[in-house]
Amino acid sequence: MVEFLNNFFSADQFIPHGHCYLWKPGLVWLHLISDVLTALAYYSIPVMLVYFVRKRRDVPFDWIFLMFSTFIVACGTTHLMDVWTLWYPTYWLSGLIKAVTAFVSVVTALELVPLIPQALALPSPAQLETANCQLAKEIAERKRTEEILRENEQRWQLALRGNNDGIWDWNLKTNEVFFSTRWKEMLGYQDHEISNHLDEMLKRVHPDDVNWVTQAVEDHFAKKTPFYITEHRVLCKDGSYKWILNRGQGLWDENGDVVRMAGSHTDITERKQAEEALSSLLNQLENIVEERTAELTRINQSLQREITQRQRIEVALRESEQRFRCAFHQAAVGIAHVAINGRWLLVNQRLCDILGYTLEELQLLTFQDITYPEDLEADLKYLEDILADRIPTFSMEKRYFRKDNSIVWVNITVSLMRESNAQPKYFIAVIEDISDRKHSQEQIRASLLEKEVLLKEIYHRVKNNLQVISSLLNLQSAYITDKQDLAIFQQSQQRIASIALIHEKLYQSQDLARINFREYTQDLVASLFTAYEVNEDNIAVNINITEDVLLGLDTAIPCSLIIHELVSNSLKYAFPANTNGSICIQLYLSNDNNLILKVSDDGVGLPPDFDLQKIASLGLQLVDALTYQLAGTINIKGENGVQCQLKFPFI
Numbered sequence: 000m001v002e003f004l005n006n007f008f009s010a011d012q013f014i015p016h017g018h019c020y021l022w023k024p025g026l027v028w029l030h031l032i033s034d035v036l037t038a039l040a041y042y043s044i045p046v047m048l049v050y051f052v053r054k055r056r057d058v059p060f061d062w063i064f065l066m067f068s069t070f071i072v073a074c075g076t077t078h079l080m081d082v083w084t085l086w087y088p089t090y091w092l093s094g095l096i097k098a099v100t101a102f103v104s105v106v107t108a109l110e111l112v113p114l115i116p117q118a119l120a121l122p123s124p125a126q127l128e129t130a131n132c133q134l135a136k137e138i139a140e141r142k143r144t145e146e147i148l149r150e151n152e153q154r155w156q157l158a159l160r161g162n163n164d165g166i167w168d169w170n171l172k173t174n175e176v177f178f179s180t181r182w183k184e185m186l187g188y189q190d191h192e193i194s195n196h197l198d199e200m201l202k203r204v205h206p207d208d209v210n211w212v213t214q215a216v217e218d219h220f221a222k223k224t225p226f227y228i229t230e231h232r233v234l235c236k237d238g239s240y241k242w243i244l245n246r247g248q249g250l251w252d253e254n255g256d257v258v259r260m261a262g263s264h265t266d267i268t269e270r271k272q273a274e275e276a277l278s279s280l281l282n283q284l285e286n287i288v289e290e291r292t293a294e295l296t297r298i299n300q301s302l303q304r305e306i307t308q309r310q311r312i313e314v315a316l317r318e319s320e321q322r323f324r325c326a327f328h329q330a331a332v333g334i335a336h337v338a339i340n341g342r343w344l345l346v347n348q349r350l351c352d353i354l355g356y357t358l359e360e361l362q363l364l365t366f367q368d369i370t371y372p373e374d375l376e377a378d379l380k381y382l383e384d385i386l387a388d389r390i391p392t393f394s395m396e397k398r399y400f401r402k403d404n405s406i407v408w409v410n411i412t413v414s415l416m417r418e419s420n421a422q423p424k425y426f427i428a429v430i431e432d433i434s435d436r437k438h439s440q441e442q443i444r445a446s447l448l449e450k451e452v453l454l455k456e457i458y459h460r461v462k463n464n465l466q467v468i469s470s471l472l473n474l475q476s477a478y479i480t481d482k483q484d485l486a487i488f489q490q491s492q493q494r495i496a497s498i499a500l501i502h503e504k505l506y507q508s509q510d511l512a513r514i515n516f517r518e519y520t521q522d523l524v525a526s527l528f529t530a531y532e533v534n535e536d537n538i539a540v541n542i543n544i545t546e547d548v549l550l551g552l553d554t555a556i557p558c559s560l561i562i563h564e565l566v567s568n569s570l571k572y573a574f575p576a577n578t579n580g581s582i583c584i585q586l587y588l589s590n591d592n593n594l595i596l597k598v599s600d601d602g603v604g605l606p607p608d609f610d611l612q613k614i615a616s617l618g619l620q621l622v623d624a625l626t627y628q629l630a631g632t633i634n635i636k637g638e639n640g641v642q643c644q645l646k647f648p649f650i
């Protein structure tokens with residue numbers, strides 16, 4: 000084998016091919032260049048074929064291009080071997096390559112034989128162009144079809160939303176049901192609150208209606224009825240029932256089995272109610288007809304009496320019309336028919352007297368012409384509301400200009416008369432002269448203002464008189480040498496000052512019957528600090544009284560004296576030797592409509608044997624008496640400082 004290979008690739012047995020050309024340079028170079036260029040061309044062609052096949056995956060019979068590439072590469076290799084054998088006579092190798100080339104060529108030729116008919120069967124460019132045109136037409140037709148389908152879908156969705164009916168579609172194979180949004184809204188549900196299942200429809204049918212609804216479906220499925228139509232009640236989300244007209248149509252397959260059913264729900268509750276009302280009315284009408292028939296029989300028997308009676312009725316109607324006209328024109332108030340544009344159509348004599356115009360003069364005017372400008376806007380707003388049917392009637396006080404340009408106050412009541420087709424016809428106005436009442440109200444208002452001024456003057460004078468008494472006590476105290484008597488005089492003076500302060504607050508208040516007790520307490524405590532010469536840096540005062548506590552005179556005076564006594568005791572006894580501390584005053588309204596008054600300090604407190612009933616202090620006795628006057632209760636604690644709590648009814 001080794002010897003065979005050595006002989007196969009050996010170049011010693013033969014002479015180079017160049018000897019055949021006698022090594023003539025021109026002839027050698029001619030064959031050399033020709034073979035090399037041919038080989039290069041053969042090698043480049045397969046590269047382009049492979050590139051073409053890889054880029055065009057849709058090209059049929061791509062394998063034949065690969066076989067052509069192999070054949071061409073083999074041919075190019077034989078030309079290179081011809082160049083090689085010019086100098087190196089490896090003719091066995093060159094012959095082998097030519098054999099391989101021959102084999103590939105034969106195989107390619109054999110493969111081309113059955114391939115030619117298939118290649119001829121491929122469409123020509125003209126056929127491809129015709130097919131492309133046909134395809135373009137089909138694509139355009141498909142787009143038009145899709146556009147029509149989209150339009151149909153839009154019309155379907157618009158129909159679902161616009162026909163005000165609920166749509167349902169039942170797939171019997173899956174038992175799933177499509178419910179439109181309107182179907183759910185009719186029952187008061189949101190879109191996500193009802194699932195797509197048949198039970199959602201069945202469980203809402205009224206129990207009394209389930210049997211005939213089920214029977215109607217079965218009859219339609221058995222083709223006993225061409226359509227499924229029922230009227231039944233359906234349960235709504237709020238627990239009420241609606242009457243529904245349920246219509247549907249089934250779809251059968253080739254085996255005669257129902258595969259689908261679609262239909263609609265129509266709300267006929269109002270129609271059912273109308274039918275019930277109509278049925279009741281028909282029953283009543285039948286009874287009336289029966290009664291009327293019997294009555295007509297009696298009337299036919301006494302026709303002459305009826306004619307006579309009708310004549311009497313006509314006379315009575317004429318008299319009634321005369322009485323109406325007389326009442327209209329002789330009424331104590333003005334009555335008028337006013338056109339929609341404001342023109343006076345018909346007025347009675349009383350209205351002419353109120354406004355000072357004659358009937359003819361008023362009919363040439365509109366109510367806008369004689370209405371006081373400041374009242375016209377409100378008047379027109381009310382008329383607009385009546386015309387829009389927002390209110391049936393209205394009454395208001397307004398001013399009119401009389402013919403002599405004087406102003407008259409009237410109370411006007413207006414309603415609207417409509418045509419049989421509900422179109423506005425004219426306004427009916429009843430006008431009452433209230434000028435005298437308005438003048439009386441002005442007089443009463445002026446009188447009340449005078450009384451208010453007088454009451455303030457009384458509060459002012461009482462406050463001044465109490466201050467005079469306080470000043471007299473102050474002058475009298477200058478002649479008292481006994482310290483205990485002097486203290487009693489000073490305390491009495493302070494009590495009178497606290498009462499005078501109440502009258503001063505009532506004089507300054509907008510409400511002459513009640514005062515803001517928070518402001519009063521602040522002023523009272525400030526005056527006590529001044530009277531006892533207390534350093535405000537040593538004793539802090541916390542007043543916690545809500546702004547809405549307004550007290551009348553009968554409650555404010557006892558409360559002020561109680562606060563006066565308790566705060567005075569705290570200032571005198573709770574903080575010896577100028578010690579620091581605090582005083583807290585609270586007044587608030589409890590849930591049981593009682594006032595709670597708390598006065599407390601964090602001073603030395605009360606002795607262990609303290610008893611309010613046995614105490615000899617005039618101040619605490621006064622507190623007890625004032626609490627009784629207020630119909631209240633008092634509770635005093637003295638463990639950590641002194642805390643006094645009063646509870647009395649709020650009047």
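In this text, residue positions in the sequence shown follow numbering that gives the first Met the number 0: the first is 0, and each later residue adds one. Every residue, glycine too, gets a C-beta built ideally from N, C-alpha and C.
Ignore the nearest five residues each way along the sequence and tell me which others in residue i's own chain have a CB closer than 6 Å to its CB.
i    : result
N543 : Q585
Y90  : F13
L453 : Confidence at L453 is low in this model, with a pLDDT of 45, below 50, so its placement is unreliable and the value that follows should be read with caution. If we look at L453 and ignore the five residues flanking it on each side, it has no Cβ neighbours.
D81  : D34
E396 : N410
D169 : Residue 169 is actually Trp in this sequence, not Asp. So the list reads V176 and M260, once near-sequence residues are dropped.
Going by DSSP, name the residue or residues bridged to residue i.
i    : result
F647 : L594
N131 : DSSP lists no partner for N131.
H231 : I243
D600 : I582 and V641
N170 : E175 and R259
I633 : L645
R513 : G551
S394 : T412
P423 : R417
Q189 : None; Q189 has no bridge partner.
L250 : R259
I544 : L586
G165 : H264
A215 : DSSP lists no partner for A215.
E184 : Paired residues: none, contrary to the question.
F226 : BP columns for F226 are empty, so no partner.
I406 : F400
If residue i and residue j are in contact, beta carbons under 8 Å, what's the gap, nearest whole angstrom?
i    : j    : result
D374 : R398 : 6 Å
L85  : F64  : In fact, because the Cβ distance is near 33 Å, the residues do not count as touching under 8 Å.
L594 : F647 : 6 Å
A331 : V346 : That belief does not hold up - the Cβ atoms of A331 and V346 are roughly 15 Å apart, past 8 Å.
R401 : L354 : 6 Å
G255 : Y227 : With 8 Å as the limit, G255 and Y227 do not qualify as a contact, their Cβ atoms being about 17 Å apart.
V407 : F366 : V407 to F366, Cβ: 13 Å. No contact.
K636 : Q642 : 5 Å
Could you name the residues of the same chain whose beta carbon sits closer than 7 Å to that of residue i, not counting the 5 residues immediately before and after it, in chain order?
i    : result
A235 : Strictly speaking, residue 235 in this sequence is Cys, with Ala absent from that position. The residues are L186, G187 and K241.
T224 : D218
T77  : I96, K97 and T100
F220 : G249 and V257
P575 : V603
Y42  : V72 and G75
Within its chain, find whatever has a CB closer than 8 Å to the CB of residue i; leave out the 5 residues flanking it on each side and keep chain order.
i    : result
N577 : N534 and N537
S179 : L159, G165, I166 and W167
I385 : P391, T392, F393, V413, S414, L415 and F426
N541 : S581, I582, C583 and I584
M66  : V103, V106, T107 and E110
Chain B beta carbons: is any one of them nearer than 7 Å to that of residue i?
i    : result
I115 : The structure shown contains no chain B; it is built from a single protein chain.
Original post:
How do the stretch 218-232 and the stretch 183-190 stand: do at least 3 beta-carbon pairs fall below 8 Å, yes or no?
Top reply: no
**OP:** Could you tell me whether the stretch 574-582 touches the stretch 593-604, using the rule of 3 or more Cβ pairs below 8 Å?
**Re:** yes
Original post:
Taking one C-beta from the stretch 293-302 and one from the stretch 263-273 each time, how about it: are there three or more such pairs within less than 8 Å?
Top reply: no
**OP:** Tell me the start and end of each unbroken alpha helix (DSSP H) in the stretch 330-374 that is at least 4 residues and wholly inside, in chain order.
**Re:** 348-354, 358-362 and 366-369
Original post:
At a cut of 8 Å, does the stretch 273-287 reach the stretch 195-205 through at least three beta carbon pairs?
Top reply: no
Original post:
Any contact of the stretch 402-412 with the stretch 421-437, i.e. 3+ C-beta pairs under 8 Å?
Top reply: yes
Subject >> Whole alpha helix (DSSP H) elements within the stretch 50-115, 4-residue minimum >> reply: 61-83
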